[in-house]
Amino acid sequence: VDTLPNIYYIILDAYARADVLEDAYSYDNSEFLNSLTEMGFFVADKSLANYAQTDLSLASSLNLSYLDDLTSLVGSESRDRRMLEKAIQESALVQFLEQN
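Quick note on our numbering: the sequence shown kicks off at 89 and runs consecutively.
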């Protein structure tokens, strides 16, 4: 393959799913979702976040694993986000894509 495809990972932080927008706010989000689908994007219609904070979710998803050992490394009361920032910036997924 001469050229590799572009990968877009769109994070709509704090943006609810279509069914939640419809149920909670009577908002029809289908125009936006259909336009993404028409452009060739995959839209997960029943998606859930694995963590309540964006940096935790990104560190987990970009490293293709849960952050089970994080508490033991930084302590349960830690507010230090440097380990998460590093995990995002030096993620396993990015390293894999750069090597392949």
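Built from N, CA and C at the ideal position, the CB exists for glycine as well. Predicted, not measured: the structure shown is a model, and the values here were computed from it.
Which same chain residues end up closer than 8 Å to residue i when comparing Cβ atoms and leaving out the 5 residues on each side of it in sequence?
{"i": "residue 95", "result": "185"}
{"i": "residue 176", "result": "143, 146, 147, 150"}
In three-state DSSP terms, what is residue i?
{"i": "residue 148", "result": "helix"}
{"i": "residue 140", "result": "coil"}
{"i": "residue 181", "result": "helix"}
{"i": "residue 94", "result": "coil"}
{"i": "residue 100", "result": "coil"}
State the Cα-Cα distance for the pair residue i and residue j, rounded to the nearest angstrom.
{"i": "residue 116", "j": "residue 105", "result": "11 Å"}
{"i": "residue 111", "j": "residue 98", "result": "23 Å"}
{"i": "residue 108", "j": "residue 139", "result": "18 Å"}
{"i": "residue 119", "j": "residue 101", "result": "19 Å"}
Next on the checklist: Does the segment 141-156 come into contact with the segment 118-130, if we say contact requires no fewer than three beta-carbon pairs (one atom in each stretch) closer than 8 Å?
Outcome noted: no
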